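Working notes, structure below.
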Amino acid sequence: MKFIKVNMNKKTIGVEDVPEKYRGLGGRGLTSIMINQEVPPKCDPLGPDNKLIFAPGLLSGTPLPNTSRISIGAKSPLTGGIKESNSGGTVAAALGRLGITAIIIEGQAPEGDLSILKIDKAGNASLIPAQDYKGMRTYKFVEKMLEIYGKKTSILCIGLAGEYRLTAASIQSSDMDGHPCHAAARGGLGAVMGAKGLKALVVDQGGKSADAIADPKAFKEAAKTFTKAVKDHPEPGHLMPTLGTAALVAPLNSMGAFPCYNARKGVMDGWEQISGETMAELIKERGGKTTHMGCAQCIIHCSNEFVDTEGNYVTGSLEYETIWAMGGMTGIADLDIIAQLDFLCDDIGVDTMSTGVAVAVAMDAGYKEFGDGAAAIEMVKEIATGTEFGKTLGNGPAAVGKHFNHSRVPVVKGQGIAGYDPRAMRGNGVTFATSPMGADHTAGNLIGLCLQGKLDPMQAEGVVAISRDLQIAMAAFDCTGQCFMATVAAFDPEPGEAFRKVLSAKLGTELGPDDFPGAMGVRVLKAEREFNRKAGFTNQDDRLPKFFYEEPLPPHNTVFPITDEEIDSTFDF
Amino acid sequence: MRMRVKLYGTLSHSFPGYQHALGIEVEIPEGTTVKGLLARLEISESQGAVVAMEGRILKADDKIRCGVPVNVLQAIHGG
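Residue numbers (the numbering used here), protein chains in the order written: chain S, 2 to 574; chain Y, 4 to 82.
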């Protein structure tokens, strides 16, 4: 249990035991609670007072499968509020195996200075000059790092967007094959990393100094039960390895809740051309991989490798939200174009969701036609070349809306929505409006309940409470480092209890349902809300854009009906 | 009544030769419910299937209407 603290002004690195007040915290819980305590809420997110925190989950580095999610936190330059963005890949497991609870980047390097933070297999950290890698795209950069440090190395890095400090810049995470195709994409944390003068975090995967498990026997037993539940579950056990999250394209269109053409319609013309089923057929036909292990210790394999007609790699881990943003929102019903856009974003280091929505806003403003794939590619390329328009695009949908003086901008707290239209799926509208992170599907997604037949997507009554409960649960699970795909199994009572036992055995504390997810989730959300209040957010920031309340969405032709009073009761704790 | 049904997720795997563009044709009696259709397709509860028609997710006892495209979907919790 140790913190590695890096001061970018002085280029000093300190190692300390985790202070008492942060014990028992991991992942999002640690990043959010530390930011609330230590980062001045009104500071410049791209200035020296902000902190960038990398925290593996409480279970990262243990033998439990699917626990390699890294939480990255800071004050967001995109939203102006608190931000935790998490990513898969291999780095969380690598840090966990080194007993590193968090890496905290403080201060700011002199202008133009760029470094790599390298952590070896003994856990020793050092700053290495990275001037030679300035302006390097992420795929090439990761390739270079693996050449130098070996294939068993995990990398988190920024691309050009991060170096330019654009507010939709991502932090890319390398997968099992050394492709930087996973991302802590949301909230512009890549810009914070760029502003600190940090190009990458490079971690040896050979660590053997993981924190002890308090009760190894109980851990092993409960982990076995939970792992079996994940394998047997129809979603992580069967659907995910077959289609991945792209399986969502069909349900959302079938429900009329797929925001497309910049959220002008709820069903996309020709959506079958970009469905998960079509993608899987296409990948198989071309010799790519529909089932792919992207993250360390993964038993689900929801990732994929999209290849071109010659069988050459185009991009990895092409997921629902990217297909929706780059295809649905832009009206581009062409998986080859979407795959190229996904690769470009990963390579430049920019959020595919924010960028897709930003392209859609530009199209909606009349800059280009919806469905113009070639134009979308050129637009995204401009982020890398650093033109004025490219910078605007790389600063996300709100910046593009401002540029064109266009009001139909689907963002909350400055962050673009995800692929669920609030007018046809009301519960996710509540989550988008109220999450301290800005519009964020991962904060509490009600789609599962809708597709289990337990909740009518059009239902408005009671969804505030459901969103609240899910947001609490997700805030807690985001502390553990466990992938959401496996967490789905924990929603059933028996596996849920087994998971709680795993966590109890790791921490050496008997946790009941009130403790986890209950109390842990509430504690995290309270800290996040408190930070946002201190940063100047009010209830007025917990609102969807006006057009969701006024402009009916076909085919249901309904608007978002939940009142401000109801929205303001979401966090009644 | 004869109707065309499209299967999504892994549901089509039990139907060798299934083609997405076409879906499958099934014969069901008038008034068949969602539950009845799923039973006819031999889709078990553990496969977590729901039926969508005209932009709505139907309940188990809702009746299938003739001449309306029917999509059978699998539960998924998010992306």
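Just so it is clear, CB atoms sit at the ideal spot from N, CA and C, and this is done for glycine as well.
Bear in mind the structure is a predicted one, so any value in this text is a computation, not a measurement.
Would you mind reading off the limits of the beta strand (DSSP E) that contains residue i?
i       : result
N87(S)  : 83-88
P57(S)  : 53-57
E28(Y)  : 27-30
Q77(Y)  : 73-77
L128(S) : 126-130
A487(S) : From DSSP, A487(S) is part of no beta strand (DSSP E) but of the alpha helix (DSSP H) over 485-488.
K9(Y)   : 5-10
T154(S) : 154-158
I172(S) : 172-174
A184(S) : 183-185
Starting from the Cα of residue i, find the closest Cα among the options and give me that residue.
i       : options                            : result
V525(S) : L545(S), A474(S), G509(S)          : A474(S)
F492(S) : E511(S), A215(S), Q453(S)          : Q453(S)
A201(S) : F259(S), N254(S), Q132(S), A223(S) : Q132(S)
V503(S) : C299(S), E311(S), G482(S), V523(S) : G482(S)
E45(Y)  : G81(Y), M4(Y), L10(Y), R5(Y)       : L10(Y)
S174(S) : C182(S), T168(S), S570(S)          : C182(S)
L199(S) : M241(S), F227(S), R409(S), P111(S) : P111(S)
P423(S) : L394(S), M459(S), Q416(S)          : M459(S)
L394(S) : V413(S), V381(S), I324(S)          : V381(S)
I36(S)  : K535(S), P514(S), K547(S), I563(S) : K535(S)
V360(S) : G391(S), S210(S), K218(S), G350(S) : G391(S)
K221(S) : G195(S), P242(S), P66(S), G257(S)  : P66(S)
N305(S) : E17(S), M177(S), V431(S), V362(S)  : M177(S)
A24(Y)  : G350(S), L471(S), T226(S), G271(S) : G271(S)
A230(S) : L508(S), A487(S), N558(S), G100(S) : A487(S)
S570(S) : G97(S), A434(S), D212(S), P42(S)   : A434(S)
M137(S) : E511(S), G402(S), T386(S), P555(S) : T386(S)
Y321(S) : D348(S), V193(S), A248(S)          : A248(S)
P20(S)  : T13(S), K11(S), Q38(S), K12(S)     : Q38(S)
T510(S) : V16(S), L26(S), I34(S)             : L26(S)
T68(S)  : G48(S), G90(S), Y134(S)            : G90(S)
A476(S) : A528(S), E495(S), V40(S)           : A528(S)
Quick check on residue i: does DSSP put it in helix, strand or coil?
i       : result
E107(S) : strand
V1(S)   : The structure shown does not extend to residue 1(S), since chain S spans only 2 to 574, so no value can be given for it.
Q453(S) : coil
K11(S)  : coil
M56(Y)  : strand
T36(Y)  : strand
D18(S)  : strand
V401(S) : helix
V410(S) : coil
R29(S)  : helix
K76(S)  : strand
G417(S) : strand
L115(S) : coil
I67(Y)  : coil
A425(S) : coil
A93(S)  : helix
V464(S) : helix
L336(S) : helix
F4(S)   : strand
Under 7 Å Cβ to Cβ from residue i, same chain only, skipping five residues before and after it: list those, please.
i       : result
L244(S) : G277, E278, A281
P130(S) : S116
K232(S) : G238, I300
G328(S) : I275, A334, I339
A219(S) : K502, A506
I60(Y)  : V53
L342(S) : M327, A377, I378, V381
V315(S) : F307, V308, D309, A340, Q341, F344
G51(Y)  : Q77, A78
Could you pull the start and end residues of the alpha helix (DSSP H) that residue i belongs to?
i       : result
N533(S) : 521-536
K502(S) : 494-508
G395(S) : 389-395
M380(S) : 374-386
Once the 5 residues before and after residue i are set aside, which same chain residues still bring their CB inside 6 Å of it?
i       : result
K369(S) : A376
D114(S) : G198
C451(S) : P458
G497(S) : A491
M9(S)   : G108, Q109, A110, K197, G198
K6(S)   : G15, I105
D64(Y)  : T36
Leaving out five residues before and five after residue i in sequence, what residues of the same chain have Cβ atoms less than 8 Å from its Cβ?
i       : result
F18(Y)  : L10, I27
I284(S) : K290, T291, N305, E306, F307, V308
Requested in this report: Would you list, in sequence order, the uninterrupted alpha helix (DSSP H) runs of no fewer than 4 residues that lie entirely inside the stretch 201-259 of chain S?
Outcome: 217-233, 241-244, 250-255
Query raised in the report: What are the complete beta strand (DSSP E) segments, minimum 3 residues, inside the stretch 254-316 of chain S?
Result: 290-293, 304-308
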